[in-house]
Amino acid sequence: VNADLQRERAAATLDSEDFARWWAGGAWQLEERRSLERRFFEDPAFADTVHPSCLSYKERYEQTVARTTRFLAKLRQWQREKQPQLQLSVNMLRDFRLLLSGSLGTGLFQQSFPLRMHFTMFMTTILSQGTAEQQAQWLNRAWHMDGVLGTYAQTELGHGTFLRGLETRADYDPLTQEFILNTPTQSSYKWWPGGLGNTANVAIVLAQLHVKGKHYGLQSFVVRIRDERTHEPLTGVDVGDIGPRLGGNGVNNGFLGLHDVRIPRNQMLMKNAQVLADGTFVQGRPPLLLYGTMVYVRVITLKDVLFGLLQGATIATRYSVVRRQSRINSDEPEVSVLDHVTQQAKILPQIARGVSYRLVADWLWRFYAEVLRQLEDESMAGRNSLPELHALSCCLKAVATDEASEGVDLLRKSCGGHGFLSSANFDSIYGLATAAYTYEGEYTVLLLQTARFLVGQYVDSLKRKVLPTSVSYLRDTARLIWGKNL
Amino acid sequence: AANCARALEISALEQVRQAWQTQKTHQSSKVSAEMASNLAGRQLTSAAIAHAHAFFTRNALQQLDALRQKGDLSPNVSLVLGQLVELFVIDTFLRQSGCVLRWNNGITGTQLRFVERRFEELLAKLRPNAVALVDGFDFHDRVLGSTLGCHDGRVYERLMEEARRNPVNQEPVNSSFHNHLLPMMRGKL
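In the order they appear, the protein sequences are chains A and B. Position 369 (the first sequence) corresponds to 369 in my numbering; numbering is contiguous. Position 45 (the second sequence) corresponds to 45 in my numbering; numbering is contiguous.
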């Protein structure tokens, strides 16, 4: 171990193990994570045998897929050892998602991997939007990767967050009881979904439903895009990878065109709305939980970016102790860069930001779980809290991803020229953080959605209404300012 | 820190009010509500950002209090966590000071300098525990995937190893010399 680092550790007043136990959520959780990491990281099958710069984009994809299959098999084996009677549930999927995006997933796939969407969006959407029959048809097979590798296709080449603008359409044919899916223009091609390029063989496709010439809004359809055995694209399906990106190049983001692709009636997800055999459209309960899924992903994104920020901070802190740069007192040797206040001002606030985000993210997660529970109980409190939860998850996700990517870049700069090397890994960390700025709700769009809520609450405060807790300051502070009590 | 969080709330309130007023002004000049929102877009996004900062800082302080009240933290972790949250709040305040000052005419230069001094004090307090802190995040070297950030600090050794692993260093003379550089030199450009 480097002598300077050793000295730092010996002189610290904080016991890092003590902190680690709290950070992990307890001694048991810390030990379990470490044991899981050992299981994978010490396995030679997961060692990096090829220098990353030796791999082309195509080779990187192939290596990632090979590793993903080994990883999932081993992970499944570990789950079975832990819990032989594993029951698939929403909570289990959430835990699985956290596992994939946490330290284990990052350690094995610095640039993420193509099957993440299968577990995060494909299965989650079937669970939240599929009927019991549809869940029986798809979920078990998806969980066991039995001929079903899924993804979720919403955004289009020419359309993003504005859902009403999506052009992909599904026309119902009562004679054959099938939907006919089409992407009628180039701008309507699905664009971006992870795993869509060359990996997934089934996609949940969001399309505008038309029955007998009448438009019934955006609905979700389960569409097989590649043959289960040969993996060849099916007739009418035009599918491929969209090409290298700034970061996250293991994700296999894809495009998808559909030309008169027919699917049976039972492949529209019908928990919230149904099309009967004769073409009658039946609107179910308002899709509040659908709203919840989007919020869930934003809450998770907050955790993802703080994880990246602290990864960057860890690299920069250790390097800044090892690296000696300039003297402070002319009669003494060069000091660690971290002894310079300017360097501390670059690094320590990022650590503070990551830790504080963690506190807020934990609170937001509990708030989300509480609202979801209330919605499931059909309580009014849940309905009332949804706009607040939505606004909070929007603006916290937007601002956190912006500041985290800015923070990672500052940490990169704090490592001087060496921080610019790919082997320093700031490129991967920055790539993932800055991607989060845009996906699952673009920065400015989310801010505008939040602002609409804030202005509404401000108007309510003028009418002396009771405001939700997170914005109660709008009323209390106004009273202080205008009462000149401040 | 609580005062800084309060100042951020005041700034957020004023920015929300400003956005609302801008929207109203545009609406009174007979544009549609949608166009009024478009024209007030800059104020609206600023208001949302200010709200996020106000919420992050207030909530972090509240969560810290809650953790301390639950008694889950050891005294040392509690102390360092307190320093981190305070640094976060003050750093956010200073980075937003332009907006904060715009909406809080009562804040003086002396008060601002006091906050800056506290910021520097916190850096000095946290400095001795910086490595222990990041060790506490418990990132495995594989997770960091970095020559600069490994737990053992063998930075220069790793940088050299990586350079030597570089595929273009695997042969003393690269074929491009014979294929391109040598013919060019022979051609005497």
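Idealized CB from N, CA, C, for every residue including glycine.
* Along the stretch 134-148 of chain B, what residues have a CB closer than 7 Å to any CB found in chain A? -> 134, 135, 136, 137, 138, 139, 140, 142, 143, 144, 145, 146, 147, 148
* Asked: residue 180 of chain A by DSSP, collapsed to three states: which one?
  -> Translated into positions along the first sequence, residue 180 of chain A becomes position 180. Three-state result, residue 180 of chain A: strand.
* Return helix, strand or coil for residue 354 of chain A, following the three-state DSSP convention. => The count along the first sequence starts at 1 and reaches residue 354 of chain A at position 354. The answer is helix: DSSP assigns residue 354 of chain A an H, G or I state.
* **Short Cβ contact (8 Å threshold) for residue 56 of chain B with residue 360 of chain A** => For the purposes of this step, residue 56 of chain B is taken as residue 56 along the second sequence, with counting starting at 1. For the purposes of this step, residue 360 of chain A is taken as residue 360 along the first sequence, with counting starting at 1. In contact: residue 56 of chain B and residue 360 of chain A (Cβ atoms closer than 8 Å).
* Checking contacts by CB at 8 Å: is residue 59 of chain B closer than that to chain A? -> As a working note, residue 59 of chain B is residue 59 in the second sequence. Closer than 8 Å: yes.
* To do: To the nearest angstrom, report how far apart residue 232 of chain A and residue 105 of chain A are at their CA atoms.
  => Position 232 of the first sequence holds residue 232 of chain A. Position 105 of the first sequence holds residue 105 of chain A. Using only the alpha carbons, I get a separation of about 29 Å.
* Straight-line Cα distance separating residue 63 of chain A from residue 394 of chain A -> Position 394 of the first sequence, counted from the first residue, corresponds to residue 394 of chain A. Position 63 of the first sequence, counted from the first residue, corresponds to residue 63 of chain A. The straight-line gap from Cα to Cα measures roughly 35 Å.
* To do: Could you spell out the range, first to last residue, of the alpha helix (DSSP H) harbouring residue 165 of chain A?
  => Position 165 of the first sequence, counted from the start, is the residue given in the question as residue 165 of chain A. Per DSSP, residue 165 of chain A belongs to no alpha helix (DSSP H) and is neither H nor E.
* Identify which residue in B:86, B:22, B:112, B:180 has its Cα closest to the Cα of residue 451 of chain A. => Along the first sequence, one-based indexing puts residue 451 of chain A at 451. Per the Cα distances, B:22.
* Using a C-beta cutoff of 8 Å, does residue 319 of chain A count as contacting chain B? -> Stepping through the first sequence from its first residue, residue 319 of chain A is reached at position 319. It does; some Cβ of chain B falls within 8 Å.
* residue 118 of chain B versus chain A: which residues are under 8 Å apart at the beta carbon? -> Within the second sequence, numbered from 1, the residue matching residue 118 of chain B stands at position 118. Result: empty, since nearest Cβ-Cβ is about 13 Å, beyond 8 Å.
* Proximal residues to residue 446 of chain A (C-beta, below 7 Å), its chain only, five neighbours per side dropped -> The residue labelled residue 446 of chain A in the question sits at position 446 within the first sequence. So the list reads 394, 395, 397, 398, once near-sequence residues are dropped.
* **Alpha carbon of residue 486 of chain A to alpha carbon of residue 299 of chain A, nearest angstrom** => The residue labelled residue 486 of chain A in the question sits at position 486 within the first sequence. The residue labelled residue 299 of chain A in the question sits at position 299 within the first sequence. Residue placement at residue 486 of chain A cannot be trusted, given a pLDDT of 48 that sits under 50; what the coordinates show is reported in the next sentence. Spanning the two alpha carbons is a distance of roughly 34 Å.
* By how many angstroms is the C-alpha of residue 146 of chain B removed from the C-alpha of residue 337 of chain A? -> Along the first sequence, one-based indexing puts residue 337 of chain A at 337. Along the second sequence, one-based indexing puts residue 146 of chain B at 146. Looking at the two C-alpha atoms, the distance is approximately 18 Å.
* Asked: chain A beta carbons: is any one of them nearer than 8 Å to that of residue 87 of chain B?
  -> Walking along the second sequence from the start, residue 87 of chain B turns up at place 87. It does; some Cβ of chain A falls within 8 Å.
* **Collapsed DSSP secondary structure at residue 226 of chain A in the structure displayed** => One-based indexing of the first sequence puts residue 226 of chain A at position 226. Three-state result, residue 226 of chain A: strand.
* To do: Grab me the residues of residue 173 of chain A's own chain with a C-beta within less than 7 Å of its C-beta, minus the 5 sequence neighbours each way, in chain order.
  => Taking the first residue of the first sequence as position 1, residue 173 of chain A is located at position 173. Hits under 7 Å: 180.
* Determine the chain B residues that contact residue 418 of chain A at a beta-carbon separation under 9 Å, and present them in chain order. => Taking the first residue of the first sequence as position 1, residue 418 of chain A is located at position 418. Within chain B, the residues near residue 418 of chain A are 147, 148, 155, 159.
* Do you know offhand how far residue 488 of chain A's Cα is from residue 355 of chain A's? -> Residue 488 of chain A is absent from the structure shown; chain A starts at 1 and stops at 486.
* Take residue 263 of chain A as the anchor and find which of A:281, A:207, A:212 has the nearest alpha-carbon. => Numbered from 1 along the first sequence, position 263 holds the residue referred to as residue 263 of chain A. If we check each option's Cα against that of residue 263 of chain A, A:207 comes out closest.
* Asked: When we look at the beta-carbon of residue 84 of chain A and count the other beta-carbons within 10 Å, is it buried (16 or more) or exposed?
  -> As a first step, residue 84 of chain A is located in the first sequence; it is residue number 84 there, counting from the start. Answer is exposed; the Cβ neighbour count stays below 16.
* Can you find a CB in chain B that lies within less than 8 Å of the CB of residue 107 of chain A? -> Within the first sequence, numbered from 1, the residue matching residue 107 of chain A stands at position 107. Output row for residue 107 of chain A: interface = yes.
* residue 20 of chain A and residue 30 of chain A look like a contact to me (Cβ under 8 Å); what is the Cβ gap, rounded to whole Å? -> Taking the first residue of the first sequence as position 1, residue 20 of chain A is located at position 20. Taking the first residue of the first sequence as position 1, residue 30 of chain A is located at position 30. Correct: roughly 6 Å between the Cβ atoms.
* If you draw a straight line from the C-alpha of residue 29 of chain B to the C-alpha of residue 83 of chain B, how long is it? -> Here residue 29 of chain B corresponds to residue number 29 of the second sequence, with the count starting at 1. Here residue 83 of chain B corresponds to residue number 83 of the second sequence, with the count starting at 1. Cα to Cα, the separation comes out at about 50 Å.
* **Between the CA atoms of residue 130 of chain B and residue 6 of chain A - distance to the nearest angstrom** => Here residue 6 of chain A refers to the residue found at position 6 of the first sequence. Here residue 130 of chain B refers to the residue found at position 130 of the second sequence. Straight-line Cα distance between these residues: approximately 13 Å.
* To do: Indicate whether at least one CB of chain B lies closer than 8 Å to the CB of residue 545 of chain A.
  => As displayed, chain A neither begins before 1 nor continues past 486, which places residue 545 of chain A out of reach and without an answer.
* **Amino acids of chain B, ordered along the chain, whose beta-carbon sits closer than 8 Å to that of residue 4 of chain A** => Looking up residue 4 of chain A in the first sequence gives position 4. Within 8 Å Cβ-Cβ: 153.
* To do: Give the DSSP-derived three-state secondary structure of residue 152 of chain A in the structure shown.
  => Sequence index remark: in the first sequence, residue 152 of chain A carries index 152 (1-based). Three-state DSSP puts residue 152 of chain A in a strand.
* Asked: DSSP on residue 24 of chain B, reduced to helix/strand/coil?
  -> Looking up residue 24 of chain B in the second sequence gives position 24. Looking at residue 24 of chain B - three-state DSSP - the assignment turns out to be helix.
* Assess, as a yes-or-no matter, whether the stretch 424-441 of chain A is touched by the stretch 456-471 of chain A under the definition of 3 or more beta carbon pairs within less than 8 Å. => no
* Asked: Would the C-beta of residue 73 of chain B count as close to the ligand GTP, meaning under 7 Å from any of its heavy atoms?
  -> The model on display carries no ligand, and the ligand GTP is accordingly not part of it.
* Asked: At least one CB of chain A closer than 8 Å to the CB of residue 93 of chain B: is that the case?
  -> Counted from its first residue, the second sequence places residue 93 of chain B at position 93. Chain A, which has no Cβ nearer than 8 Å to the Cβ of residue 93 of chain B, makes this no.
* Determine the burial state of residue 1 of chain A: buried for a count of at least 16 other Cβ atoms within 10 Å of its Cβ, exposed for fewer. => As a working mapping, residue 1 of chain A is identified with position 1 in the first sequence. When all chains shown are included, residue 1 of chain A counts as exposed.
* To do: Determine, using beta carbons only, whether residue 98 of chain A comes closer than 8 Å to chain B.
  => On the first sequence, residue 98 of chain A is found 98 positions in, with the first residue counted as 1. No, its Cβ sits nowhere closer than 8 Å to a Cβ of chain B.
* To do: Determine which residues of the stretch 14-25 of chain A have a Cβ less than 8 Å from any Cβ of chain B, and write them out in chain order.
  => 14, 15, 16, 17, 18, 19, 20, 22, 23, 24
* Would DSSP call residue 254 of chain A helix, strand or coil? -> As a first step, residue 254 of chain A is located in the first sequence; it is residue number 254 there, counting from the start. Looking at residue 254 of chain A - three-state DSSP - the assignment turns out to be strand.
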